Amino acid sequence: MISRAERTPISDWAWTIDRWLLAGIALLIVAGLVFGMAGSPPVAERLHLSTFHFVNRQVAYLLPALAVMIGASFLSPRHVRRAALVVFIVSLALVVATLFFGQEVKGARRWIFGIQPSEFLKPSFVVVVAWAFSEGARRKDVPGNWLALLLFPLTIGPLVLQPDFGQTMLISVVWAALFFMAGLHLIWVVGLGGLGATAALLAYKFAPHVRARVDAFLEPPPPVAGVPTNFQSETALESFKAGSWFGKGPGEGTVKRILPDSHTDFIFAVIGEEFGVIVCIVLAMVFAFIVVRGLFSAARNEDPFCRFATAGLVMLFGLQSCINMAVNVHLMPAKGMTLPFVSYGGSSLISLSLGMGFLLAVTRKRPRTRVLTEVAATSGPLPAAA
69 MISRAERTPI SDWAWTIDRW LLAGIALLIV AGLVFGMAGS PPVAERLHLS TFHFVNRQVA
129 YLLPALAVMI GASFLSPRHV RRAALVVFIV SLALVVATLF FGQEVKGARR WIFGIQPSEF
189 LKPSFVVVVA WAFSEGARRK DVPGNWLALL LFPLTIGPLV LQPDFGQTML ISVVWAALFF
249 MAGLHLIWVV GLGGLGATAA LLAYKFAPHV RARVDAFLEP PPPVAGVPTN FQSETALESF
309 KAGSWFGKGP GEGTVKRILP DSHTDFIFAV IGEEFGVIVC IVLAMVFAFI VVRGLFSAAR
369 NEDPFCRFAT AGLVMLFGLQ SCINMAVNVH LMPAKGMTLP FVSYGGSSLI SLSLGMGFLL
429 AVTRKRPRTR VLTEVAATSG PLPAAA
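Take the sequence shown: its position 59, counting from 1, is numbered 127 in my numbering, and each next residue is one higher.
Written as C-alpha cells, this is what we have:
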C-alpha cells in the first residue's frame, strides 16, 4: 500500500489518478484479449496462419501500448500539450507522406512504415485544438478560435485525399463539439452545419465507394449469385440472431467463420454470437461509463485546457465506439473503424493507449493552488480569490 506521505512520482500518480477511469480501460483491455480469442482464429485459419496468430500479436502490441498509456498518464498538463504537439506534427507529416509513398490497400493509401499515422493524428489533434480553444477563452490577445479553425482543414485535407472519410467524419464531429463548447455564435453553428452537409453530399457524389456503401445501406441491391451485396452487414446481423440473449458459448460460433474482418471491424458481431446480446449490452455500458465519467470530470475541472481536452478525448473515444457498434448492428454504412481496445490492430491499440494516457493525465486530481499556478504561468497573474 502506497502511503500519502511518500512524495514520489509514483505515489503522486497513485493518489491522483482517476481509478474508475483506469479500471474501465483495464476492463476493456482484458475483454479485448478474451474476445480476440473468439474472433481471430477463423481469420488466421483462412490465411493459413497459426490459430492464435492474431492473439499473440495483440499481446505483443499490448506491451508497448501499456507503456505508452502509463507513461503519458504521468505527464503534467503542460507536458501533455507539448507531447501532443510533437505527435501531431509527426503524424500529419506521415499522413501527407502516405499520399506519395504509402502502401495502397483497397484503393486507399493509409499505411506507411507499417503504421497507420491517421490513428495517432486523432488524439494529438484533439489535444492541440483543445489547447487552442482554451487559450482563446482565457486570453483575449491569443486568436485561439482562429488557430483551431485553421488547424481543421490542415488536418482533414490529407485524410480526404487518402481517402479516409471515416476518420475525417470522426475528427470533424469532435472538432465541431469543441468549437461549440468554446461558445461559438449561432451564425457559426448554421455555417458549419451547412458546410458539413455540403461536404457529405460532395463525398456521396464524387466518391464512388462512399456512394456504393450509402446506396447499399439505404436500398440493398438484389443478391448476386445468391450472395447479398452487403454481405458483411447481413452476416453480422445473422451472428446476433444466432447468439440470441446468452450466446452459443466461447468457441462455438459458426457464423463468424464466414464473417470478413471478424477480428477487427466486426468483432462486436462475434461477441454477440458467442457470448450473447446481454454481454454486448454490458460491453456497451463499459464504453458509456468511461465517456460519462470523463464528461463529468470535464465539467468539474477548473483548468480550461484540461476541461476541453478531457471532453474532446472522451468524445473521440465514445464516437468511435458508437460508430463501430452501429455498423455491426446495421444502423450505419460500413466505416472500417475498430472497436477501441477490443478489435485487433497495432496502430489502433497504441494510439488509443496514447489518447487514454492523455485523458488520465488531464483528469488527475490536483490542488486548486497548483491549478491556479499553472494557469498563471501561461496567462498572467493569479485571479483574485472569490
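Ideal placement from N, C-alpha and C gives every residue a C-beta, glycine not left out.
Note that this is a predicted model, so its numbers are computed, not measured.
Legend entry - N-terminal and C-terminal residue of the alpha helix (DSSP H) that residue 191 is part of: 185 to 206
Legend entry - Nearest candidate by alpha-carbon position, reference residue 178, set 230, 223, 145, 143: Nearest of 230, 223, 145, 143 to residue 178, Cα basis: 230.
Inset, instruction - Tell whether a beta-carbon distance below 9 Å holds between residue 309 and residue 342. - result: One thing to note: residue 309 has its Cβ no nearer than 9 Å to the Cβ of residue 342.
Legend entry - Buried or exposed by the 16-neighbour rule on C-beta atoms within 10 Å, applied to residue 135: Flag for residue 135 reads exposed.
Legend entry - Under the three-state DSSP convention, the category residue 85 falls into: coil
Inset, instruction - Using the Cα positions of residue 427 and residue 141, report the straight-line distance between them to the nearest angstrom. - result: 7 Å
Inset, instruction - Give me the Cβ distance between residue 422 and residue 191, rounded to the nearest whole Å; I'm assuming they're in contact under 8 Å. - result: Indeed, because the Cβ distance is near 6 Å, the residues count as touching under 8 Å.
Inset, instruction - Spatial neighbours of residue 449 within its chain, please: CB distance less than 8 Å, with the 5 preceding and 5 following residues excluded, ordered by chain position. - result: Low confidence applies here, because residue 449 scores a pLDDT of 47, under 50, leaving its location unreliable and the question unanswered by this model.
Legend entry - When 380, 239, 161, 356 are compared against residue 96, the one with the closest alpha-carbon: 356
Inset, instruction - Report the residue from 206, 234, 236, 197 whose alpha carbon sits nearest the alpha carbon of residue 218. - result: When only C-alpha atoms are compared, the closest one is 197.
Inset, instruction - Go through the region 116 to 181 residue by residue and report every complete run of the beta strand (DSSP E) that reaches 3 residues or more, in order. - result: 171 to 173, 176 to 179
Inset, instruction - Below 6 Å CB to CB, which residues in the same chain sit around residue 393 once its five sequence neighbours on both sides are set aside? - result: 336
Inset, instruction - Examine the Cβ distances between the region 80 to 91 and the region 349 to 366 and report whether three or more of them are shorter than 8 Å. - result: Touching, yes, given that three or more Cβ pairs across the two stretches are closer than 8 Å.
Inset, instruction - Less than 8 Å between the CB atoms is what I'm expecting for residue 242 and residue 236, so what's the real figure, rounded? - result: The Cβ separation is near 11 Å, so there is no contact.
Inset, instruction - For the alpha helix (DSSP H) containing residue 314, list its first residue and its last residue. - result: Looking at the DSSP string, residue 314 is not in any alpha helix (DSSP H), and its letter there is neither H nor E.
Inset, instruction - Between the Cα of residue 112 and those of 407, 349, 332, spot the shortest distance and give me the residue it belongs to. - result: Nearest in C-alpha terms to residue 112, of all of 407, 349, 332, is 332.
Legend entry - Buried/exposed call for residue 186, threshold 16 Cβ in 10 Å: Buried is the label assigned to residue 186, since at least 16 other Cβ atoms lie within 10 Å of its Cβ.
Legend entry - Candidates 94, 109, 349: closest to residue 123 by CA position: Out of 94, 109, 349, 109 has the C-alpha closest to the C-alpha of residue 123.
Inset, instruction - Quick one: residues in its chain with C-beta nearer than 6 Å to the C-beta of residue 304, no 5 flanking neighbours on either side, listed in chain order? - result: If we look at residue 304 and ignore the five residues flanking it on each side, its Cβ neighbours are 334, 337, 396.
Legend entry - Best match in 398, 251, 382, 270 for proximity to residue 300 [C-alpha to C-alpha]: Closest by alpha carbon: 398.
Inset, instruction - Look up residue 230 in the DSSP assignment and say whether it is helix, strand or coil. - result: coil
Legend entry - DSSP-derived helix/strand/coil call for residue 393: Correct three-state label for residue 393: helix.
Legend entry - Nearest-angstrom Cβ-Cβ length linking residue 455 and residue 339, presumed shorter than 8 Å: With the chain covering 69 to 454 only, the question about residue 455 has no answer from this structure.
Legend entry - As assigned by DSSP and simplified to three states, the class of residue 279: helix
Legend entry - When 415, 375, 352 are compared against residue 390, the one with the closest alpha-carbon: The candidate whose alpha carbon is nearest that of residue 390 is 352.
Inset, instruction - Mind checking which residues open and close the alpha helix (DSSP H) that includes residue 429? - result: Residues 414 to 430.
Legend entry - N-terminal and C-terminal residue of the alpha helix (DSSP H) that residue 338 is part of: 335 to 343
Legend entry - Same chain, Cβ closer than 8 Å to residue 81, neighbours up to 5 away in sequence not counted: 141, 142, 432
Inset, instruction - With DSSP collapsed to three states, give me the class of residue 372. - result: helix
Legend entry - Length of the line joining the Cα atoms of residue 330 and residue 127: 18 Å
Legend entry - Helix, strand or coil at residue 325 [DSSP, three-state]: helix
Legend entry - Test item: CB-CB of residue 194 and residue 380 under 9 Å: yes
Inset, instruction - Give me the Cα-Cα distance between residue 233 and residue 225, rounded to the nearest whole angstrom. - result: 11 Å
Inset, instruction - Put residue 406 into one of helix, strand or coil per three-state DSSP. - result: coil
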